[in-house]
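Written below as structure tokens is the structure these notes are about.
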Amino acid sequence: MTHPLFSLQQIAERIGGRVDGDGEYQVSGLGTLESADASLLSLYTGTRYQQQLNATAAGAVLISEEHRAQTDLHAIVVDDPYAAFAQLTHLFDRNSTVVAGIHPSAILAPSARIAEGVQVCAHVVVGEGAVIEAGCYIGANTVIGERCIVGENCRLNPNVTLYNDTVLGQRVLIHSGAVLGADGFGFAPYQGTWFKIAQLGAVIVEEDVEIGACTTVDRGALDNTVLRKGVKLDNQIMVAHNVEIGEHSAVAACVGIAGSTHIGKGVRIAGGAGLAGHITVADNSYISGMAMVTKSVTQAGSYSSGTALEPTASWRRNVVRFRQLDQLVGRVKELEKKIKEIEGHS
Amino acid sequence: MTHPLFSLQQIAERIGGRVDGDGEYQVSGLGTLESADASLLSLYTGTRYQQQLNATAAGAVLISEEHRAQTDLHAIVVDDPYAAFAQLTHLFDRNSTVVAGIHPSAILAPSARIAEGVQVCAHVVVGEGAVIEAGCYIGANTVIGERCIVGENCRLNPNVTLYNDTVLGQRVLIHSGAVLGADGFGFAPYQGTWFKIAQLGAVIVEEDVEIGACTTVDRGALDNTVLRKGVKLDNQIMVAHNVEIGEHSAVAACVGIAGSTHIGKGVRIAGGAGLAGHITVADNSYISGMAMVTKSVTQAGSYSSGTALEPTASWRRNVVRFRQLDQLVGRVKELEKKIKEIEGHS
Amino acid sequence: MTHPLFSLQQIAERIGGRVDGDGEYQVSGLGTLESADASLLSLYTGTRYQQQLNATAAGAVLISEEHRAQTDLHAIVVDDPYAAFAQLTHLFDRNSTVVAGIHPSAILAPSARIAEGVQVCAHVVVGEGAVIEAGCYIGANTVIGERCIVGENCRLNPNVTLYNDTVLGQRVLIHSGAVLGADGFGFAPYQGTWFKIAQLGAVIVEEDVEIGACTTVDRGALDNTVLRKGVKLDNQIMVAHNVEIGEHSAVAACVGIAGSTHIGKGVRIAGGAGLAGHITVADNSYISGMAMVTKSVTQAGSYSSGTALEPTASWRRNVVRFRQLDQLVGRVKELEKKIKEIEGHS
């Protein structure tokens, strides 16, 4: 498959930039300064990358007016090269097309309603009463449960599972292996065993949400689990029942959020963090990687926990000392008392 | 789809309660005090929720004799409102039905045996020699390997994978994306590379086990990996080869259990904890969230590790100090020695 | 299904060992000393297991010359019993066969090319332009995207997803639920929202790599994400965009590796560790379980972080003290100063 070619002039028009160099020069894609060849357009975001700019084999570069003088390459001059680059990635993306049509191997329940212009791939299964709105792409082997609603222009990649009653707003993007609407982990202790509490809520996902591969969002116990508009979830995240994540919050991979916790708007959570249940996290907070959040975060800010990497030999000694830390503080207190006594005597 | 209606009298009979109010009053479901409207039955579990009780729009409430006087709502009076609620969730659950029949798109190996009354959904694949007992539900796109045995009344949701030789007892519930029986991670080091050890054991799951979405339970190396009866596993848990988890132990999401570790009975492990291989955890222990368990837990009790969340700025200073902790203890020892000398002089 | 039988003589020839005992004795498999019966061959790797050797019911044992005298069992004497055992596991493995043929329910795009001798199981979907080389096994319900290349003798278990453009070398083994090539987590902040950066790179997997169940490897942003030859990934691992993992490195379950991080050759990472983005890890390093790696590891060695498990009651006191650690160091400094003054006076 050949890649389509674009002239620098065509690209500049698309992103509102100005060509400085040969506007007829054609590129077939984007590349980093290190790896791009003459057929690719690269980007320069600042003097930190000057060395790479000097050495690059790229055919042209996205650059700001301020840095234009630093290279002789054909250039598209823009205010914000990174933002322009983000926009251009979609021009060269071959993996987000929708070719309307329903593959004959798909199994659609009689009462399911599929709008015009939807692509339903091979072996998709859609349950009774489900609705898939216009412009959606439903990847191979994806299962959409009963009464689900999939808003316009959603993209569900292969092997996604939506349990019954899941609702997606417009332009939701879900990656393979993700599971929405499995039972929340709810049991009543009963004579040394666990009595299951059926999970009667659903999962509600608002518009422009992205959900990563193998991420799981459980259905609510009675009320719903809710992802507000613009939320971005990376891979392998666990969102438990009745969690709510506020608008435009972004959660990196491997984060676990326990039941009924409410994350505010514009929150960023780095990879591997864990949040206890029934707490809240203030708008615009930042939780660092692998942090353990056991209490509510009531004020915006950056929060962390854990200890830093060190050679295992010294670490072994320090962890022993950690377990004696409270005792050590007692010893220091005792010393302070004694010093005070000694000072009093002299 | 309309929800079936039940009168308070019908519900009271089902759970052994007493109606205090209008027994003919009808409800269509359950709701929290905060979100229920007049069509829903709610529950009141204690004075911590008095304010919500006062403000609720619920049509009726499950309540104990002790608290009955606190509201004028129609009530079903029971000994334990939470247990009654747990029971009632199943009355209103629409997602656990089984409609016997084998979808024509399912691929069943000639030697597979499917009992009466089983529902096999679209695109299910069942391997040679597999047995699925009566009353099971096998969700769409689920794959059941060769020689698997699925006991009576199991429920496998869509996109579950059972590798060859997996055995499930009765009433096992498995959520989407779960994988049972993949190879344990076993390699012999060989001249700077890894020589794979074929994993010849299987996964044995006893009755009444629940396994969450995207949870993985690896097959044993020679012996089996075993989940004893009543074990509850949440989502995204990793159970490595030859692990055994004892009866009625419950494991929250994102926990990893390394190879050959044996968890006792009635153990509770909170989210994100990690357990090293070849250790044991005593019956009825509690491991707190994100705890790191590197040695056997020999006595029941509650165990934890890690540090608590704090502002990143102060955390940065403290982690530096952690790496100097053993040295700090040395400094305190030195001070104690000197103080003793000074005290000896005076 | 009956297991094939092998005589000790046959086995000895296969692994270059010497029978000491009845060479005609037949075994049907391998077992641990504890669980093997007379039909199984076991292994003895050293005096640590002497008690188990004395008590075993195994029919025969793999043993070194050095330890041969410790038992009267039929034996196959070999230089390295563990290596011989690793080799023999494949003799008894029933789950790695390939029966060439394409199941009629598989959906192969017209331009996909499937070599001779490939087994394509039920409900597999293969996209346009994809190539599957000779000897591959593609498990049920697995989806292979457009333009993917699957090298000779790969094994993809059921429910694997390869996004478009994924490339696998020879003998790659992928377990169920794994997802290769989902979008990297890349967004440009834009007026309080996140602007998606289309991920234009791919995932390149070299020969002899194993990828565990529910492990996710994201496609690169511009360049590729690369797993070098012989890399072994356990289950539930997250490999973010543009990561590179060097030859023969092994990563245990539940590890997360953030974007653009480069792991060297022969690195071992224990379960649950987390690695920040844009760092490097030196060849042959060892990262211990649940360690948090936020900076590059520039020298081979063993590295750790975190604190050790302790009873929750004492842990609670110690974590409070951790947050006062920097302050405690200040108090110790103050004491040291005062002591010096006192010593100066006397």
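As given, the protein sequences belong to chains Y, E and S, one line each in that order.
Just so we're aligned, residue -17 is where the first sequence starts under the working numbering, counting upward by one.
Just so we're aligned, residue -17 is where the second sequence starts under the working numbering, counting upward by one.
Just so we're aligned, residue -17 is where the third sequence starts under the working numbering, counting upward by one.
All C-beta atoms in this analysis are idealised placements derived from N, C-alpha and C, irrespective of residue type, glycine included.
Being a predicted model, the structure only gives us computed values, none of them experimental.
Query - Members of the segment 211 to 228 of chain E that neighbour chain Y once the beta carbon cut-off is set at 8 Å - result: Listed by position, the residues of the segment 211 to 228 of chain E near chain Y (Cβ gap below 8 Å) are G212, K214, D216, N217 and Q218.
Query - Bounding residues of the beta strand (DSSP E) (the contiguous stretch that carries S284 (chain S)) - result: Counting from one through the third sequence, the residue named residue 284 (chain S) turns up at place 302. If you look at S284 (chain S), you'll find it in the beta strand (DSSP E) that goes S284 to S286.
Query raised in the report: Could one say the Cβ of V314 (chain S) lies closer than 8 Å to chain E's Cβ atoms, at least one of them?
Result: Position 332 of the third sequence holds residue 314 (chain S). By this cut-off, V314 (chain S) is an interface position.
Query raised in the report: Roughly how many whole angstroms lie between the Cα atoms of N340 (chain Y) and G248 (chain S)?
Result: No answer is possible for residue 340 (chain Y): the residues shown for chain Y start at -17 and end at 328.
Query raised in the report: Does the beta-carbon distance from I131 (chain E) to L150 (chain E) come in below 8 Å?
Result: Your numbering for residue 131 (chain E) matches position 149 in the second sequence. Your numbering for residue 150 (chain E) matches position 168 in the second sequence. The criterion of a C-beta distance shorter than 8 Å is satisfied by I131 (chain E) and L150 (chain E).
Report task. Could you name the residues of the segment 68 to 80 of chain E whose beta carbon sits closer than 8 Å to any beta carbon of chain Y, in the order they occur along the chain? Result -> A68, Q69, T71, H72, F74, D75, R76, N77 and S78: these are the residues of the segment 68 to 80 of chain E whose beta carbon lies less than 8 Å from some beta carbon of chain Y, given in chain order.
Requested in this report: Ignore the nearest five residues each way along the sequence and tell me which others in V100 (chain E)'s own chain have a CB closer than 6 Å to its CB.
Outcome: Your numbering for residue 100 (chain E) matches position 118 in the second sequence. Only I114 and C118 meet the Cβ criterion.
**Report entry** Where S158 (chain Y) falls, given that 16 or more other Cβ within 10 Å makes a residue buried
**Finding:** Here the question's residue 158 (chain Y) lines up with position 176 in the first sequence. With 16 or more other Cβ atoms within 10 Å, it is buried.
Query raised in the report: What whole-angstrom Cβ distance do D205 (chain S) and G166 (chain S) have, given they're in contact under 8 Å?
Result: Start at 1 with the first residue of the third sequence, and residue 205 (chain S) comes out as number 223. Start at 1 with the first residue of the third sequence, and residue 166 (chain S) comes out as number 184. Rounded to the nearest angstrom, the Cβ distance from D205 (chain S) to G166 (chain S) is 11 Å, too far for a contact under 8 Å.
Query raised in the report: Can you give the Cα-Cα distance for T198 (chain S) and P92 (chain E), rounded to whole angstroms?
Result: Residue numbering aside, residue 198 (chain S) sits at position 216 when the third sequence is read from its first letter. Residue numbering aside, residue 92 (chain E) sits at position 110 when the second sequence is read from its first letter. Each residue's alpha carbon lies about 34 Å from the other.
**Report entry** For G338 (chain S), the nearest candidate out of S:A232, S:Q181 and S:S24 (CA to CA)
**Finding:** Residue 338 (chain S) lies beyond the range of chain S shown here (-17 to 328); nothing can be said about it.
Query raised in the report: Do V80 (chain E) and I(-3) (chain E) have their C-beta atoms closer together than 8 Å?
Result: Along the second sequence, one-based indexing puts residue 80 (chain E) at 98. Along the second sequence, one-based indexing puts residue -3 (chain E) at 15. Cβ atoms of V80 (chain E) and I(-3) (chain E): not closer than 8 Å.
Requested in this report: Please name the residue, chosen from S:Q309, S:W176 and S:L12, that lies closest to H(-15) (chain S) on a Cα-to-Cα basis.
Outcome: Translated into the one-based positions of the third sequence, residue -15 (chain S) becomes position 3. For the residues S:Q309, S:W176 and S:L12, the minimum Cα distance to H(-15) (chain S) belongs to S:L12.
Query raised in the report: If Y7 (chain Y) and G41 (chain Y) are in contact, beta carbons under 8 Å, what's the gap, nearest whole angstrom?
Result: Reading the first sequence from its first residue, position 25 is the one you call residue 7 (chain Y). Reading the first sequence from its first residue, position 59 is the one you call residue 41 (chain Y). Confirmed, Cβ separation roughly 6 Å.
Report task. Compute the distance between the beta-carbons of Y285 (chain S) and L291 (chain Y), then report whether it is under 8 Å. Result -> To locate residue 285 (chain S), count along the third sequence from 1; it is residue 303. To locate residue 291 (chain Y), count along the first sequence from 1; it is residue 309. Less than 8 Å separates the beta-carbon of Y285 (chain S) from that of L291 (chain Y).
Report task. Could you name the residues of the same chain whose beta carbon sits closer than 7 Å to that of K320 (chain S), not counting the 5 residues immediately before and after it, in chain order? Result -> Start at 1 with the first residue of the third sequence, and residue 320 (chain S) comes out as number 338. Contacts found: none.
Report task. Just list the alpha helix (DSSP H) runs in the segment 28 to 115 of chain Y, keeping only unbroken ones of 4 residues or longer that don't cross its boundaries, in chain order. Result -> Whole alpha helix (DSSP H) segments, 4+ residues: 32 to 37 and 63 to 71.
Requested in this report: Would you kindly work out how many angstroms separate the C-alpha atoms of H260 (chain S) and V43 (chain S), rounded to a whole number?
Outcome: Stepping through the third sequence from its first residue, residue 260 (chain S) is reached at position 278. Stepping through the third sequence from its first residue, residue 43 (chain S) is reached at position 61. When rounded, the separation of the alpha-carbon atoms in H260 (chain S) and V43 (chain S) is 49 Å.
Query - As assigned by DSSP and simplified to three states, the class of K211 (chain Y) - result: Walking along the first sequence from the start, residue 211 (chain Y) turns up at place 229. It is coil, neither helix nor strand.
Query raised in the report: For the segment 271 to 322 of chain S, which segments carrying the beta strand (DSSP E) assignment without a break, of at least 3 residues, lie completely within its bounds, in sequence order?
Result: DSSP runs (the beta strand (DSSP E)) wholly in the segment 271 to 322 of chain S: 284 to 286.
Query - Option in S:D2, S:D75 and S:I84 with minimal Cα separation from A51 (chain S) - result: Within the third sequence, the letter at position 69 stands for residue 51 (chain S). Closest by alpha carbon: S:D2.
Requested in this report: Flag this pair as yes or no: are the beta carbons of G183 (chain S) and A203 (chain S) separated by less than 8 Å?
Outcome: Within the third sequence, residue 183 (chain S) is the residue found at index 201, counting from 1. Within the third sequence, residue 203 (chain S) is the residue found at index 221, counting from 1. Going by beta carbons, G183 (chain S) and A203 (chain S) fall inside the 8 Å limit.
Report task. Look at V279 (chain Y) and A295 (chain Y) and say whether their C-beta atoms are less than 8 Å apart. Result -> Position 297 of the first sequence holds residue 279 (chain Y). Position 313 of the first sequence holds residue 295 (chain Y). Taking 8 Å as the Cβ cut-off, V279 (chain Y) and A295 (chain Y) do not qualify as a contacting pair.
Query raised in the report: Applying a beta-carbon distance threshold of less than 9 Å, which residues of chain Y neighbour N139 (chain S)?
Result: What you label residue 139 (chain S) is simply residue 157 of the third sequence in a count that begins at 1. Taking a Cβ-Cβ threshold of 9 Å, none of the residues of chain Y is close to N139 (chain S); the smallest such distance is about 13 Å.
**Report entry** E325 (chain S) in three-state terms, based on DSSP
**Finding:** Locating residue 325 (chain S) in the third sequence gives position 343, where the first residue counts as 1. Helix at E325 (chain S).
Query - Nearest-angstrom beta carbon gap, V106 (chain S) and N123 (chain S) [assumed within contact, 8 Å] - result: Within the third sequence, numbered from 1, the residue matching residue 123 (chain S) stands at position 141. Within the third sequence, numbered from 1, the residue matching residue 106 (chain S) stands at position 124. With a beta-carbon spacing of about 7 Å, N123 (chain S) and V106 (chain S) fall inside the 8 Å limit used to define contacts.
Report task. Could you check how far apart the C-beta atoms of M220 (chain Y) and M272 (chain E) are, in whole angstroms? I think they sit under 8 Å. Result -> To locate residue 220 (chain Y), count along the first sequence from 1; it is residue 238. To locate residue 272 (chain E), count along the second sequence from 1; it is residue 290. The pair is not a contact, with the Cβ atoms about 13 Å apart (cut-off 8 Å).
Query raised in the report: Whose C-beta lies closer than 6 Å to the C-beta of V208 (chain Y) among residues of the same chain, with five residues either side of it excluded?
Result: Sequence index remark: in the first sequence, residue 208 (chain Y) carries index 226 (1-based). If we look at V208 (chain Y) and ignore the five residues flanking it on each side, its Cβ neighbours are I186 and E226.
Report task. Could you name the residues that DSSP lists as bridge partners for A330 (chain Y)? Result -> Outside the shown range of chain Y (-17 to 328) lies residue 330 (chain Y), about which nothing can therefore be said.
Query raised in the report: Along the chain, where does the beta strand (DSSP E) that runs through R129 (chain Y) open and close?
Result: Counted from its first residue, the first sequence places residue 129 (chain Y) at position 147. Counting along the chain, R129 (chain Y) falls outside any beta strand (DSSP E), and DSSP gives it neither H nor E.
Query raised in the report: Taking 8 Å as the CB-CB limit, is M(-17) (chain S) close to chain Y?
Result: Against the third sequence, residue -17 (chain S) aligns to sequence position 1. Annotation note: pLDDT 46 at M(-17) (chain S) (below 50); position unreliable, coordinate value reported separately. Taking 8 Å as the CB threshold, M(-17) (chain S) stays off the interface with chain Y.
Query raised in the report: Would you call L(-13) (chain E) buried or exposed, if buried means 16 or more other Cβ atoms sit within 10 Å of its Cβ?
Result: Counting from one through the second sequence, the residue named residue -13 (chain E) turns up at place 5. It counts as exposed.
Query raised in the report: Per DSSP, H157 (chain S) forms a beta bridge with which residues?
Result: Against the third sequence, residue 157 (chain S) aligns to sequence position 175. Partner residues in a beta bridge of H157 (chain S), as assigned by DSSP, do not exist.
Query raised in the report: Are A94 (chain S) and A112 (chain S) touching if we call contact CB-CB under 8 Å?
Result: By 1-based counting over the third sequence, the position of residue 94 (chain S) is 112. By 1-based counting over the third sequence, the position of residue 112 (chain S) is 130. Less than 8 Å separates the beta-carbon of A94 (chain S) from that of A112 (chain S).
**Report entry** Start-to-end residues for the beta strand (DSSP E) that takes in I186 (chain E)
**Finding:** The residue you call residue 186 (chain E) lines up with position 204 of the second sequence. Per DSSP, I186 (chain E) belongs to the beta strand (DSSP E) from V185 to V187.
Query raised in the report: Leaving out the 5 sequence neighbours to the left and right, which residues in its chain are closer than 7 Å to K178 (chain E) when beta-carbon positions are compared?
Result: For the purposes of this step, residue 178 (chain E) is identified with residue 196 of the second sequence, where counting begins at 1. In the same chain as K178 (chain E), and ignoring 5 residues on each side of it, the C-beta atoms closer than 7 Å to its own belong to F169, in chain order.
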